[in-house]
Amino acid sequence: MAKRLLLKNLLEIGEGLCRDDNVVIGYAAERLDQSQPLSLGASARLRSGTVIYEGSVIGAHFATGHNVVIREQNRIGDRVSVWSNSVIDYGCRIGSNVLIHCNVYIAQFTVIEDDVFIAPGTMVANDKYPVDRNNLKGPTICRGARIGVNSTILPGIRIGRDAMIGAGSVVTHDVPDGMTWYGVPARAAG
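Just so we're aligned, residue 5 is where the sequence shown starts under this note's numbering, counting upward by one.
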């Protein structure tokens, strides 16, 4: 059990919060040595089962589906939606106008730029060699990229600006700007 359960004195919550029952805001992160403030922007909509850990900065008009977990030390922009049963692990950077659909896992240290769409079932990895905690590196998903249903993006990969990844793809190499890639492993379309 966490030493610090809820950090109500370290919460900064913007006006217009709409939250269902069974929402936890400011959950204590056991991996941190001391409490860190949580900032949640104006007009947030949090549905039941959402848990937001301490130590993140989240912009205005943030919305969650049901059973969403937002871990600690994330920076999330304005107008971001994270839908049901998705997890944003710690230390991620997410821009504005981003939609992360249902059943998505975003690994630690992932960077997602503005205007990105991530379809249901996408898995984002950060460890090239499992249990190698010294070399974690999430991918970078650049502005305007679209990721298809049930895709997997491996560690350190760059998905270029306005690129599209087809459904069910496994992305093992960088994807250039504006390109469509699909398949296992993903390759350029055409």
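A virtual CB, placed ideally from N, CA and C, is assigned to each residue, including glycine.
- Message: Just to check my reading of the structure: I29 and L44 have Cβ atoms closer than 8 Å, yes? What is that Cβ distance to the nearest angstrom?
- Response: 7 Å
- Task: From the DSSP output, in three-state form, read off N165 for me.
- Result: This sequence places Arg at residue 165; Asn is not what is there. R165: coil per DSSP, three-state reduction.
- With DSSP collapsed to three states, give me the class of L14. Looking at L14 - three-state DSSP - the assignment turns out to be helix.
- Query: Between the Cα of Y31 and the Cα atoms of D24, D25 and S39, which residue gives the shortest distance?
  - Reply: S39
- Where does the unbroken beta strand (DSSP E) through T184 begin, and where does it stop? T184 to Y186
- Buried or exposed (CB count within 10 angstroms, at least 16 for buried), M5: Note that M5 scores 36 on pLDDT, short of 50, meaning its location in the model is unreliable and no value can be drawn from it.
- Measure the beta-carbon distance from V128 to A111 and round it to whole angstroms, keeping in mind my assumption that it falls under 8 Å. 5 Å
- Quick one: grab the DSSP three-state call for R49. Looking at R49 - three-state DSSP - the assignment turns out to be strand.
- Item | Nearest to D166 (by Cα), restricted to the options F121, E76 and V91 | F121
- Item | One or two residues paired with L103 in a DSSP bridge | S85 and F121
- From the DSSP output, in three-state form, read off R137 for me. helix
- Using three-state DSSP, classify A149 as helix, strand or coil. coil
- With which residues is A192 paired in a DSSP beta bridge? W185
- To the nearest angstrom, report how far apart R8 and E34 are at their CA atoms. Interpretation of R8 is limited by its pLDDT of 43, a score under 50 that renders its predicted location unreliable; the figure taken from the coordinates is listed afterwards. So the alpha carbons of these two residues sit roughly 8 Å apart.
- Item | Spatial distance of G142 from N26 (CA atoms) | 30 Å
- Can you tell me which of the three DSSP states R8 falls into? Low local confidence applies: a pLDDT of 43 at R8 is under 50, so the model's placement there is unreliable, with the coordinate-based value given in what follows. In this structure, R8 counts as coil in the three-state DSSP scheme.
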